[in-house]
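Protein chains in written order, with the numbering used here: chain S, 1 to 386; chain X, 387 to 731.
The beta carbon of each residue, even a glycine, is placed where N, CA and C say it ideally should be.
Report on the following structure.
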Amino acid sequence: MLRRQILTGVGAAALALAAFPALAQETVKVGLILPMTGPSASTGRQIEAGARLWIAQNGDTVAGKKIQLIIKDDTGAADQSKRLATELVVNDKVAVLGGFGLTPLALSVGPVATQAKVPAVIMAAGTSTIVASSPYFVRTSFTLPQNTAPMAQWSAANNIKTVVTLVSDYGPGLDSEKAFKAEFEAKGGKVLETLRAPLANPEFAAFLQKAKDLKPDALFLFVPSGQGASLMKQVNERELAKAGIKIIGTGDVTDDDQLNGMGDALIGMITSHNYSAAHDSPENKAYVSAFLKATNNMRPNFMSVGGYDGMALIYKALEKTKGETDGAKLLDAMKGVSWTSPRGPMSIDATTRDITQNVYIREVKKVDGQLYNVEFATIANVKGSN
Amino acid sequence: MTDTTMTYQPSPEAVKARAVLLGRSRWGFAEIAFWLLAAACYWLFPTKLSLLSEIAILGLVALSIDLVLGYAGIVTLGQGAFFGIGAYAAGLAAKYGAGVAPWSDPVIGLFIGGGFAALIGFATSFLVLRGSDLTRLMVTLGVALIVDEIVNQTKWLTGGSDGLQGVLPSPVLGIWEFDLFGKTAFVYSMVVLFILFLVARAIVKSPFGLSLQAIKGNPLRTRAIGMPVNGRLVAIYTISSFYAGIAGALAAQTTQFASPDYVAFHRSADALLMLVFGGAGHLYGGLLGSIIFRTMQDVLGNITPQYWQFWLGATLVGLVLFVRGGILGLLANLRNRATRNGGAK
Numbered sequence: 001m002l003r004r005q006i007l008t009g010v011g012a013a014a015l016a017l018a019a020f021p022a023l024a025q026e027t028v029k030v031g032l033i034l035p036m037t038g039p040s041a042s043t044g045r046q047i048e049a050g051a052r053l054w055i056a057q058n059g060d061t062v063a064g065k066k067i068q069l070i071i072k073d074d075t076g077a078a079d080q081s082k083r084l085a086t087e088l089v090v091n092d093k094v095a096v097l098g099g100f101g102l103t104p105l106a107l108s109v110g111p112v113a114t115q116a117k118v119p120a121v122i123m124a125a126g127t128s129t130i131v132a133s134s135p136y137f138v139r140t141s142f143t144l145p146q147n148t149a150p151m152a153q154w155s156a157a158n159n160i161k162t163v164v165t166l167v168s169d170y171g172p173g174l175d176s177e178k179a180f181k182a183e184f185e186a187k188g189g190k191v192l193e194t195l196r197a198p199l200a201n202p203e204f205a206a207f208l209q210k211a212k213d214l215k216p217d218a219l220f221l222f223v224p225s226g227q228g229a230s231l232m233k234q235v236n237e238r239e240l241a242k243a244g245i246k247i248i249g250t251g252d253v254t255d256d257d258q259l260n261g262m263g264d265a266l267i268g269m270i271t272s273h274n275y276s277a278a279h280d281s282p283e284n285k286a287y288v289s290a291f292l293k294a295t296n297n298m299r300p301n302f303m304s305v306g307g308y309d310g311m312a313l314i315y316k317a318l319e320k321t322k323g324e325t326d327g328a329k330l331l332d333a334m335k336g337v338s339w340t341s342p343r344g345p346m347s348i349d350a351t352t353r354d355i356t357q358n359v360y361i362r363e364v365k366k367v368d369g370q371l372y373n374v375e376f377a378t379i380a381n382v383k384g385s386n
Numbered sequence: 387m388t389d390t391t392m393t394y395q396p397s398p399e400a401v402k403a404r405a406v407l408l409g410r411s412r413w414g415f416a417e418i419a420f421w422l423l424a425a426a427c428y429w430l431f432p433t434k435l436s437l438l439s440e441i442a443i444l445g446l447v448a449l450s451i452d453l454v455l456g457y458a459g460i461v462t463l464g465q466g467a468f469f470g471i472g473a474y475a476a477g478l479a480a481k482y483g484a485g486v487a488p489w490s491d492p493v494i495g496l497f498i499g500g501g502f503a504a505l506i507g508f509a510t511s512f513l514v515l516r517g518s519d520l521t522r523l524m525v526t527l528g529v530a531l532i533v534d535e536i537v538n539q540t541k542w543l544t545g546g547s548d549g550l551q552g553v554l555p556s557p558v559l560g561i562w563e564f565d566l567f568g569k570t571a572f573v574y575s576m577v578v579l580f581i582l583f584l585v586a587r588a589i590v591k592s593p594f595g596l597s598l599q600a601i602k603g604n605p606l607r608t609r610a611i612g613m614p615v616n617g618r619l620v621a622i623y624t625i626s627s628f629y630a631g632i633a634g635a636l637a638a639q640t641t642q643f644a645s646p647d648y649v650a651f652h653r654s655a656d657a658l659l660m661l662v663f664g665g666a667g668h669l670y671g672g673l674l675g676s677i678i679f680r681t682m683q684d685v686l687g688n689i690t691p692q693y694w695q696f697w698l699g700a701t702l703v704g705l706v707l708f709v710r711g712g713i714l715g716l717l718a719n720l721r722n723r724a725t726r727n728g729g730a731k
C-alpha cells in the first residue's frame, strides 16, 4: 500500500515535471524564496509584506484560480536557495518561483528554473547579468546600471568634476562602479579612484579616509540594502561633508527601511533610485498607507515594491493565459506587460525580460519630522539591461 | 563530560582485553538498523532527497569533527575551512575539467577535494599541536578565518562574494547524471558517507584509535609509556581534514555551487553544535545530530520562516542543560543504568 502510494507519488511528480505542470489544478502555487533570517532579513520581510499586500488588495483568486503563496527562508545561503527551489518545483509543484534576495542566490536558482521550465521572478537581486543566465528569469526589481547611470549624468551636469567611488565588492557593486565610471567619464568627468569594500563584515573607515585624502568633488557610494546605516554612520564620523566632499550614491544607501535612523547629517544627500516611499503619485500614497497599516508601521522600501509588483506581474500573466500555468506560456505572457506601479510606470522588456522603469534623482529632506528621499528629477523609461 | 563518554575500560587481564577488543568491532543490531533505515529513506521520503543528501553531507562534517574532538580531544572551530577547501577544489575541478575525461568525474573530484583539504590539514596540524584546548580553538578558528579571506580576495579564481558559478559535474562514474529530484545526489552522498564511516569505524576501533583515546584521557601519561603523541595527533587531524574536504566536495558537486558561505564561521559552529547535540565520541553522534538539527530547521522553517532560529536555539539550550553528553550520551547512560540494575546477579 505504502509502496504503491510512493510509486504513484514519484510517477506523478515525474509526469508533472516532464510535460504538464498540473494542468487541472485549481490552486496556483507561488513559491517565494527569501532571506527571512540572517543579515539580509529586512529584504525578505519587505518583499513578503509587499507580496501579501498585493494579494490582500486584489483578492486571492485570478482567472478562476486560487493563489497560494509559499514562503521559504534560505537564510541568505545560495545552496539553500537552490535546494528550496528544487523542492518547491518538485514537491509543491509551484507554477512560479520568486524572491531571491541577493545576486548569488538568484544565480544558483537559474539552472533549476531552466530545467523545470518554471518562470522565476527576481524581486530583489540587482546584478544586470542575472536575467540572461536563465531564459525563465523575469525581473521586477531594478538593475544597478539602471539606477546608477542617471546619478552619473546628474553629477556631470551639476558641476561635479571629480569623483571617488566606493562600492561593495560583489556583482551589484561592480556593476554600479562600472556604470558610474563609464557614464561619468563619457560626460567629461573624472573618476579618481574606484574603492571596493568587502561584502561581508565591512569596515569602511580606511576606504573613507582614502577617499577623503583624494579630495574629490563628490564620493559615490553603493552598499546593499541593510548596510547603509553603518556606512553613513562612518561617513558622518569622518566629516567628509565638512571637507567639501559631496556625498552621492544609489538609493540603496538611503534605504527607506533605515533612513529615519541615520540622522539629520544625511539631509541634502543626493541619490538616484527607482523607488522612494515619498514618490508623489496617488498609487503610491495608497500603497504606502496600506503598507504601513498592514505591517504595523514598517515603512515600505524599494524591496517591498519588488515583491508587490512581482505579484502584480504574476497576476497579469495568469489573466493573459486565462489561468493556464504552463511555464513557457506564463513566461510569454509576462513579456511586454506594462502597468502603473506605486513606483511609477513600469514594463517588462519583451526581449530581455528585464524591467524598464523611471529612475528618479532625490534629495534627503525632512518631511513632517521624518527623513525621506524627495524626488526632484525624473529620467523616464530606463532599461534594466540591453 | 569527556570521561563519561568513554566506551572502553582497560582491563588488566590480557584474555579479557582481547575479547573486549574483538567485541568492540562487532556490529550491533542498532547499527545495522540505522544504516538500513538510512538506505530506506530513498523510498520513504522520495520528495525530500535533496534535504537528505544535505543531511548526509553535514553528518560527514560532524563525523570528521568527532574524529578529532570525540576521540583525540582536539576542540576545533575551523572544520569549515577544510569543508570549503574541498568544495572549491572539487568545484574548480568540475568547472575547468569539464570535458577532460577523467578530471571532471565526481569521484576524482572527491579525491581532489579531500586531498587538498588533507594537505592544508597536515600543514596546519603542527600549529594545532601547540598549546592547550583554548589555544587550539583559537588556532583552528584563525586558520578558518584566513581561508575565508583568501576565498573572498581571490575573486579571479573563486568568484569572491558572488560564489563559484558554472560548476557542472559529469555523471558519477560516467553513468549517473545529477537530476533535479536529487536521486543521484542522495545515493552518491549516502554511499560516500557509508564508505567513509566504515573507514572511520575501523580507525577508531583499531589500536591506533585506542591510542588516541588514551591521549585524550591523559597525554602526559601516554607519552610516558612511549606513545608518539604528536605523530598520532597529526595523523588524526589530517585524516579529519580529509573527511571534511570530501564532505565539501560532495556539497559542491550536488549543489553545483560553492560560495564563501561554505567557509564561514557559522558552518564550523553549526557542525560542532550538531556533534555536541548528538553526542561526541560515538561516531553516530554527528550523524544523529545532523539529522535532528536539519530536520528541525526544515520543519520549523516551514512553520515560521521568520522565527525558526528561536525555537532551534531554545531546544539546543534545553538539551545542553538537561541532557549532558548529547542524545547518544543519554542513551548510553540509560543503558548502563538498565544493565546495572538488571545485570546485578
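query: Within 8 Å, strictly: CB atoms of S/I379 and S/V138; result: no
query: Listed by chain order, chain X residues near S/L90 by CB distance under 7 Å; result: Position check: residue 90 of chain S holds Val in this sequence, whereas Leu was assumed. Within chain X, the residues near S/V90 are T433, L566, F567.
query: Residues, ordered as in the chain, of the segment 60-77 of chain S that lie near chain X by beta-carbon distance below 7 Å; result: I71, K72, D73, A77
query: When X/F512, X/A426, X/I678, X/S597 are compared against X/V662, the one with the closest alpha-carbon; result: X/I678
query: Beta-carbon neighbours of X/W421, restricted to chain S and to distances below 9 Å; result: Result: empty, since nearest Cβ-Cβ is about 20 Å, beyond 9 Å.
query: Secondary structure of S/L23, DSSP reduced to three states; result: Note on S/L23: pLDDT 46, under 50, position unreliable in the model; no value is reported.
query: Chain X contact for S/D79 (CB, 8 Å cutoff); result: yes
query: Cβ separation of S/K210 and S/L231, assumed to be a contact under 8 Å, to the nearest whole Å; result: Actually they do not touch by this definition, with Cβ atoms about 15 Å apart.
query: Nearest-angstrom Cβ-Cβ length linking S/F391 and S/T148, presumed shorter than 8 Å; result: Any answer about residue 391 of chain S is impossible in this case: the structure gives chain S only from 1 up to 386.
query: Within 8 Å of chain S by C-beta, residues of the segment 621-645 of chain X in sequence order; result: A637, T641, Q642, F643, S645
query: Contact set between the segment 431-460 of chain X and chain S, restricted to residues whose Cβ is under 8 Å from the partner; result: P432, T433, K434, S436, L437, E440
query: Distance between S/Q115 and X/F567 (C-alpha atoms, nearest Å); result: 11 Å
query: Whole-Å CB distance - S/P172 paired with S/T127, under 8 Å assumed; result: 5 Å
query: Residues from the segment 160-189 of chain S in contact with chain X, defined by Cβ distance under 7 Å; result: D169, Y170, G171
query: Which listed residue (S/A152, S/Q357, S/M262, S/V367) has its alpha carbon closest to that of S/P342; result: S/Q357
query: Top-ranked residue by Cα proximity to S/N260, from S/K161, S/S155, S/G228; result: S/G228
query: Start-to-end residues for the beta strand (DSSP E) that takes in S/T250; result: 246-250
query: Close beta carbons around X/F512, own chain, < 8 Å, minus the five adjacent residues each side; result: V620
query: Extent of the continuous alpha helix (DSSP H) to which X/T608 belongs; result: 605-610
query: Proximity test, Cβ basis, 8 Å: S/P104 and chain X; result: yes
query: For S/P345: DSSP bridge partner residues; result: S/T340
query: S/L389 vs S/I71 beta-carbon contact at 8 Å; result: It is not possible to answer for residue 389 of chain S, since the shown part of chain S is limited to 1 through 386.
query: DSSP-derived helix/strand/coil call for S/N386; result: coil
query: Spatially closest choice to S/P111 from S/V131, S/V94, S/K316, by CA coordinates; result: S/V131
query: Any C-beta of chain S under 8 Å from that of X/W542; result: no
query: Beta-carbon contacts of X/Q465 that lie in its chain and below 7 Å, excluding the five residues immediately before and after; result: V447, S450, I451, A630, S654, A657
query: S/E26 versus S/G64 - alpha carbon distance; result: 8 Å
query: X/R726 burial status per 10 Å Cβ neighbour count (16 or more: buried); result: exposed
query: Length of the line joining the Cα atoms of X/M613 and X/G507; result: 22 Å
query: Distance between X/W562 and S/L7 (C-alpha atoms, nearest Å); result: Caution applies to S/L7, whose pLDDT of 49 falls short of 50 and renders its modelled position unreliable; the value that the coordinates give is listed next. Using only the alpha carbons, I get a separation of about 21 Å.
query: For X/A425: DSSP bridge partner residues; result: None; X/A425 has no bridge partner.
query: Uninterrupted beta strand (DSSP E) stretches inside the segment 170-229 of chain S (no shorter than 3 residues); result: 190-197, 218-222
query: Neighbourhood of S/L144 by C-beta, 6 Å cutoff - its chain only, sequence neighbours within 5 removed; result: G126, P172, D175, S176
query: Chain S residues whose Cβ lies nearer than 7 Å to that of X/Q551; result: L107
query: Beta-carbon spacing of S/G307, S/A51 below 8 Å; result: yes
query: Simplified DSSP state of S/D60, which is helix, strand or coil; result: coil
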